[in-house]
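Notes for the one structure printed next.
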Amino acid sequence: MKNIILAIFCAILLVSCGKKHEYNTVDEMVNDAMKTVKMITAEELDALMNGGGEEVYTLIDVRQEIEHYYGFIPGSVNIARGSLEFNIGDETYWEHVGLYMPLKEEKIILYCKKGQRGILAAESLSKLGYTNVYALEGGWKKWELTYPDVFEKDLSKLGGSSSAPASSGGC
Amino acid sequence: MKSTLEKIASFIVVIILPALVIYLTVHFGLKRNEPEEIKIALKSETTAQVDHSEFEILKQKFVNPKDVTAACLSCHNKRDDELMKSTHWLWEREAEIPGRGKVKIGKMNIHNNFCTGAQGNNGSCMRCHIGYGWEDKSFDFNDPTNIDCLVCHDKTDTYFKQKGMAGWPATEATATKEFPVPDYNYVAANVGYPDRDNCGVCHFYGGGGNNVKHGDLEEALFHTNRKVDVHMGEDGPNMVCVDCHEAPNHNIKGRSYTVGADNTNRLHCYECHTETPHNDYILDYHNNKIACQTCHIPVYAKVNATTLYWDWSAAGKRDPNGNPIKEYDADHNYSYLSIKGHFVFDNMVQPEYYWFNGTVNHFLRDDTIKQTPVQINSLFGDYADPNAKIWPVKVHRGRQAYDPVYNQLLSVKLFAHNKGEGAFWEDLEWEEAIRQGMEYNERPWSGEYDFIDTEVYWPLNHMVSVKEETLSCKDCHIREKGRLENLNDFYLPGRDYNKLLDYSGFAIIIFSLLGVIVHAILRIF
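Line by line, the protein sequences give chains E and C. The first sequence begins at 4 in my numbering and counts up by one. The second sequence begins at 10 in my numbering and counts up by one.
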């Protein structure tokens with residue numbers, strides 16, 4: 004009898020563990036990823052950037068190219084989230100952009116517009132064996148508001164600026 | 010040995026009864042009741058309207074809008090007296106500010122953190138004054154025909170004040186495709202209670218564009234849904250501004266704390282929702298220290314972005330051909346304008362949280378700078394203040410021109426109709442623009458200028474979310490990264506802790522349980 008109960012218990016346990024976890028919203032997915040992803044604040048990143056090069060790190064903007072060139076954190080390389088896993092360990096890619104390919108144990112910091120894509124991208128790199136991956140808390144927008152003077156942009160890469168939103172009223 | 014009956018009685022008294030007490034306490038103590046249903050007759054739906062097209066006086070041929078005003082006042086007599094006492098007309102009001110006493114404040118004498126100040130830029134800014142032609146200091150505030158009745162009461166959506174014309178609509182000489190001469194007879198025959206178009210034409214576009222100033226008031230509210238604003242949603246109550254902002258005798262209820270100061274004439278949620286809206290003790294108790302808005306406005310700028318940063322020190326650059334520059338961010342909001350400087354816009358913004366007791370201090374035009382960033386306004390209140398509650402706030406930060414010798418913010422002439430008249434927006438020259446701005450405002454200037462960090466606080470009231478999207482307990486009652494992590498003058502359960510207190514509490518609970526169990530065993534056996 005004891006063996007039968009034990010077998011049923013193990014079977015239930017296996018079924019429970021084997022069930023694929025599904026999220027109702029992307030917020031749930033991000034919150035789940037945040038349990039394992041390490042975060043870095045804008046202030047900590049600024050300190051790292053001004054640390055005299057003592058610590059090797061790679062700063063990656065995982066937004067789309069169309070978002071990146073309108074404004075980005077100095078020193079960051081743009082690898083859109085959709086191709087991050089394929090380019091991160093591709094030496095040819097890094098030669099093309101003129102940077103050293105980050106080693107798996109080196110510090111990698113990812114950012115997007117407001118933080119969520121960066122967190123999911125960081126979780127993905129962890130699964131690829133990168134052990135020192137961080138996501139920038141609040142992303143580019145948080146950086147932009149914390150250090151509004153510290154940014155670069157390259158509108159020439161966008162083939163001309165887009166049209167402006169209409170303005171009405173006021174001063 | 011005890012009998013079986015005694016054992017059962019002991020079991021019931023020692024185990025079952027305490028368990029029942031705990032169960033009932035938890036069950037009823039934590040019960041979440043349904044909120045009370047609100048049954049309010051909206052003012053906009055219950056106000057009688059008349060057919061103005063039947064009135065003889067409105068059948069005369071109108072060419073000048075001041076004649077329309079005279080016709081309005083011939084029936085609506087004494088309304089001009091009411092209006093000319095209002096802040097929409099005077100652009101200032103008397104207020105009692107702690108530490109300052111009674112002062113008159115308003116757009117007449119304050120700096121703002123956007124286009125810096127209205128006085129001296131009348132052609133542009135006074136487009137949103139409820140009068141005709143406040144072009145300079147000669148404007149007659151005592152002439153009732155200077156009142157623009159139509160801008161608030163037009164129901165045709167064809168009446169507009171023209172840009173740059175100090176509150177005048179277009180004339181034959183100035184009309185454009187965007188701003189034709191209004192058909193005054195058509196408009197005058199179709200007037201009524203103000204709707205969101207009348208209010209929104211100024212209040213949604215303050216600061217030079219949609220949602221630049223408020224963050225929670227913008228053109229998306231002209232036609233919106235409950236998810237954006239649960240009150241104004243066309244799939245919900247479909248309320249308009251004046252349903253809450255009633256205007257008995259043209260004295261409009263509610264205020265903006267960037268131009269108002271004291272805790273009077275405010276609107277409160279409880280006026281419709283009562284002080285126990287949740288029908289739930291714990292949630293309703295929160296309202297002692299938490300404004301309704303704190304939980305019910307979890308994000309603002311839900312549709313279009315709002316400005317969060319405006320740096321005037323970057324203004325004035327030209328491209329290699331000498332032309333002004335316009336650049337945009339990835340979401341097609343301005344990121345740089347030569348005439349205004351560097352911007353940061355964002356949408357779906359999480360508010361910052363501050364104590365606020367309904368009273369505000371202001372940095373007035375002639376004040377001396379004593380701290381950086383300069384607080385254009387600041388909210389009074391802290392935990393110990395019985396009138397203060399935690400509020401969600403849009404904080405707009407920036408950098409403005411100031412006089413480093415006299416240590417004052419500078420008034421700048423931004424607007425003129427033509428180049429060469431000294432206005433910054435035309436000539437991109439700071440010195441002449443400051444000289445003329447200070448001269449108009451009759452203020453001394455040392456001749457030097459630099460830029461200084463500034464910030465302004467906007468308590469949020471609009472874009473109230475549906476109940477499913479309000480804050481939950483763990484948004485605040487969480488050990489780290491909670492919404493209230495920057496408010497540290499009180500003990501917040503779930504966030505704050507004391508190891509000695511926590512361990513003592515756990516020990517008391519464990520020893521109590523052990524005591525109950527041991528006692529039960531002794532009583533039963």
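For glycine and all other residues, C-beta sits at the position ideal for the given N, C-alpha and C. Because the structure is a prediction, the values reported are computed rather than measured.
By a C-beta neighbour count over all protein chains shown, 10 Å radius and 16 as the cutoff for buried, is C:S455 buried or exposed? exposed
Tell me, please, whether the CB atom of E:P151 is closer than 8 Å to any CB atom in chain C? yes
Just mark C:N332 as buried or exposed, buried being the case when its beta carbon has 16 or more other beta carbons within 10 Å. Answer is exposed; the Cβ neighbour count stays below 16.
Please report the distance separating the alpha-carbon of C:N450 from that of C:K262. 30 Å
Under 8 Å, Cβ to Cβ, is there at least one residue of chain D near C:H405? Judged by its chain identifiers, the structure shown contains no chain D, and its protein chains are E and C.
Tell me which residues share the same chain as C:A197 and place their Cβ nearer than 6 Å to its Cβ, disregarding the 5 neighbours each side in the sequence. L67, V77
Hey, which unbroken runs of the alpha helix (DSSP H) at 4 residues or more fall wholly within the segment 255-334 of chain C? The segment 255-334 of chain C contains these whole alpha helix (DSSP H) runs: 279-282, 290-295, 301-305.
8 Å Cβ cutoff met for C:Y168 and C:P191: yes
Where in the segment 52-113 of chain E do unbroken runs of the alpha helix (DSSP H), each at least 4 residues long, occur, reported from the N-terminal end onward? 68-71, 84-90, 94-100
Considering only residues of the same chain and omitting the five flanking positions on each side of C:I530, which have a CB-CB separation below 8 Å? none
Endpoints, the alpha helix (DSSP H) within which C:D89 is located: 88-92
Looking at the structure shown, is C:E144 part of a helix, part of a strand, or coil, going by DSSP? coil
For E:P151, three-class secondary structure by DSSP: It is coil, neither helix nor strand.
Rounding to the nearest angstrom, what Cα-Cα distance links C:S420 and C:T315 in this structure? For C:S420 and C:T315, the distance between alpha carbons rounds to 24 Å.
First and last residue of the uninterrupted alpha helix (DSSP H) at C:K75: 74-84
Out of C:E361, C:T185, C:E15, C:C84, which one is the CA nearest neighbour of C:L469? Nearest Cα to C:L469 within the set C:E361, C:T185, C:E15, C:C84: C:E361.
If we define contact as Cβ-Cβ less than 8 Å, is E:L62 a contact residue for chain C? Interface residue (Cβ-Cβ distance to chain C less than 8 Å): E:L62 is not classified as such.
Check whether the Cβ atoms of E:A125 and E:V40 sit closer than 8 Å, and answer yes or no. yes
Any C-beta of chain E under 8 Å from that of C:L317: So, interface residue.
Helix or strand or just coil, what does DSSP make of C:W439? helix
Please confirm if C:E336 has its CB atom under 8 Å from at least one CB of chain E. yes
For E:K145 and C:F499, what's the separation of their Cα atoms in angstroms? 27 Å
Give the range of the alpha helix (DSSP H) segment to which C:T13 is assigned. 13-20
Would you say E:L158 lies against chain C (beta-carbon separation less than 8 Å)? yes
As assigned by DSSP and simplified to three states, the class of E:S165: Residue placement at E:S165 cannot be trusted, given a pLDDT of 47 that sits under 50; what the coordinates show is reported in the next sentence. Coil.
Can you pull out the residues from the segment 119-151 of chain E whose beta carbon lies closer than 8 Å to at least one beta carbon of chain C? K144, E147, L148, P151
Output needed for E:M42: all residues of its chain with C-beta closer than 6 Å, excluding positions within five of it in sequence on either side, in chain order. A138, E140
Length of the line joining the Cα atoms of E:Q119 and E:E68: Between E:Q119 and E:E68, the C-alpha separation is close to 17 Å.
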